[in-house]
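Sequential numbering of the sequence shown, starting at 50, is according to this note's numbering.
Just so it is clear, CB atoms sit at the ideal spot from N, CA and C, and this is done for glycine as well.
None of these values were measured; they are calculated from a predicted model.
Below: one structure, written as structure tokens.
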Amino acid sequence: MLFYILILVFTGCTSAKYQKMQNERDIRREAYEDAQRKDTYKRSRDFLSDDMLGKWRFLELVVEERGGSEEILKVKAARTARRLKGLTLRFWKSGDAAYNYQIEKMATKTHGTYTTRAVYRGDKPKSGRIHFYPISGPKIPDLLFNFAKGIPQQVLLSDGEALSTILKIDIPRILMKEGQMDLTLDLGMILAPDGWLHRGNIRCTFERIE
């Protein structure tokens, strides 16, 4: 009986020790996997921001329509383009993770921070979305696309219904090319008499000067 009790005690201790070791391994594995996820997210977020470092000069602002008529937007875009002539953007990095921007060639300089979220696609490997967080003054998207505020668009829901929304201009798409940076606003969809229509984009292009 005593021998049986000792076996039970020994078995219990061994099981507890094994469970403790297993828990410690699980904790280390979870910590490692979490670190890997954060590193992957950081690299996917920062690689576009790294490509943006330097100074860029405004090149053009155009409405790329795909269907229907966007004549009013084209007129507003041309007016905004004249105002942006000579505008430059400067991007730099401070520390390991802080990305900064400054709007130059304006009466009042604006500066702030920004982040990018990369989208890996075979046809457009250096594309994604960008979000600016200004410290003072107007946001870059407001400066470029403010004339498009209030434009209605529609979204086709999974149940077949159409949801009416207002075009958001605060997080444009970004595409990096050789010596060129495009910030693009998708005008979204509208339900026309002949079916769904993609209205096109507003594209603002900068050229690298430093």
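(request) Specify, as a first and last residue, the run of the alpha helix (DSSP H) that lysine 42 falls within. (result) Absent from the structure is residue 42, since the part of the chain shown begins at 50 and ends at 259.
(request) Have a look at Gly161, Asp231, Met70, Phe196 and flag the residue whose alpha-carbon is nearest the alpha-carbon of alanine 147. (result) Gly161
(message) I'd like the list of long-range same chain contacts for leucine 97, defined as Cβ closer than 7 Å, with 5 residues on each side in sequence excluded.
(response) Thr165, Ala167, Lys175, Gly177, Ile223, Met225
(message) From the DSSP secondary-structure annotation, give me the bridge partner or partners of glutamate 256.
(response) Arg106, Gln229
(request) Inspect the beta-carbon positions of aspartate 231 and threonine 254 and report whether they are closer than 8 Å. (result) Yes, Cβ-Cβ distance for aspartate 231 and threonine 254 is below 8 Å.
(request) Would you list the residues sitting across from serine 213 in a DSSP beta bridge? (result) Gln203
(request) Leaving aside the five residues before and after valine 20 along the sequence, list all residues of the same chain whose C-beta is less than 7 Å from its C-beta, in chain order. (result) Given that the chain is displayed from residue 50 to residue 259, the structure contains no residue 20 and the question cannot be resolved.
(message) Taking a contact to mean a Cβ-Cβ separation below 8 Å, would you say proline 221 touches proline 190 in this structure?
(response) yes
(message) Closer than 8 Å is the cut-off here; do at least three beta carbon pairs connect the stretch 138-152 with the stretch 109-124?
(response) Not touching, per the Cβ criterion.
(request) Keeping to the same chain, check which residues put their C-beta closer than 7 Å to that of leucine 234; ignore five residues upstream and five downstream. (result) Phe194, Ala197, Ile218, Pro221, Asn250, Ile251
(request) With a floor of 3 residues, list each beta strand (DSSP E) that falls wholly inside the stretch 112-163, ordered by position along the chain. (result) Taken in chain order, the unbroken stretches of beta strand (DSSP E) that lie wholly in the stretch 112-163 and span 3 residues or more are 137-143, 147-153.
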